[in-house]
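Just so it is clear: in the sequence shown, position 18 is 88 by our numbering, and no numbers are missing.
The beta carbon of each residue, even a glycine, is placed where N, CA and C say it ideally should be.
Notes for the one structure printed next.
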Amino acid sequence: MRVAIVSTETTGLTPADEPVSIGLLLVEVAPKAGSLVREITEYYGSQEPRVPISAAATGMHGLTAEMLRGQRFDVDAIRAIVDEADVLVAHGAEFNVRMLEKVVPDVHRKRWRCSVRQVRWAQYFHVPNHKLDTLCDHLRIFRPRPQVALDDCLALSKLLFRHMGAVTQATPMGFLLAQPDFVARVAKQAPGLAPAPPRPAQHSRDESAQPWVPQGEPRYDRPMRGLVLVAMFLILAAAALIWPDMVPRW
């Protein structure tokens, strides 16, 4: 299986923001073992945005409008890696799909996994949160340039292919690939599709605040209430037939 690990740096966190750098690492994986077979290719590129870069974003990745002046993504190279990948993985897939969608408009149709919401990190070790910085610090994975998109891909690769040995899938990548596809919601829907439901407030770009729930997860609370009401009605009806004097008349 071929997996593309994706990371983006952006002008900010809102739907109106844009990617300013994109990192992609295409690897070949033995899916059952979750082990790395080989690294195939990688891409890193930057682009001058059409919207201002927020001060908070610059504080994260260090990129300014002056540094990005005149730069453009190699869309053909990005598309080639995306098309070759069977699955795309990001640490915060919802955010990264939304940003990569601005460069490769149909990328949300690919098969995705989210290494924040779909890996049960607690079964491996206890950490205060599931941010990439925290996980890498815990496992002492060296990151020479944190918040550089390609370096984040390389760090995430080391994290996901780390052998843990305590569960059936010995690596987090093995566990991740065994999960169902992550269904990302994008701001701009393809023609003919219903608009996406509103998203809850986003507090973190790596989406570590809430666990992921697969789309279409059944809810049982309303049917259960209905069954209880029907059962109560049947009990009262039976009581009225057997002990008519004991049932109050309204």
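Asked	Found
According to DSSP, simplified to helix, strand and coil, what is serine 124?	coil
Under the three-state reduction of DSSP, which class applies to isoleucine 75: helix, strand or coil?	strand
Compute the distance between the beta-carbons of valine 76 and alanine 135, then report whether it is under 8 Å.	no
In whole angstroms, what separates the C-alpha of aspartate 207 from that of leucine 229?	10 Å
I need the DSSP call for glycine 104, collapsed to helix, strand or coil.	coil
Does the region 83–95 touch the region 171–181, meaning 3 or more C-beta pairs lie closer than 8 Å?	yes
Run the CB neighbour count on lysine 102, radius 10 Å, all protein chains shown included, and call it buried at 16 or more, exposed below.	exposed
Taking just the CA atoms, how far does serine 185 sit from glutamate 79?	17 Å
Tell me which same chain residues have a C-beta within less than 6 Å of the C-beta of glutamate 109, skipping the five on either side of it?	Val97
Expressed to the nearest angstrom, what Euclidean distance is found between the alpha-carbon atoms of aspartate 176 and proline 198?	35 Å
With DSSP as the reference, label leucine 306 as helix, strand or coil.	helix
Can you give the Cα-Cα distance for proline 270 and leucine 202, rounded to whole angstroms?	Low confidence applies here, because proline 270 scores a pLDDT of 38, under 50, leaving its location unreliable; read the following figure in that light. For proline 270 and leucine 202, the distance between alpha carbons rounds to 22 Å.
Tell me which residues share the same chain as alanine 74 and place their Cβ nearer than 6 Å to its Cβ, disregarding the 5 neighbours each side in the sequence.	Leu94, Leu96, Ile151, Ala155 and Leu158
Return helix, strand or coil for serine 91, following the three-state DSSP convention.	strand
Pick out whichever of Leu209, Val167 and Phe195 has its Cα sitting closest to the Cα of lysine 180.	Val167
Residues in the same chain with beta-carbon distance under 6 Å from threonine 84, minus the five sequence neighbours each way, listed in chain order, please.	none
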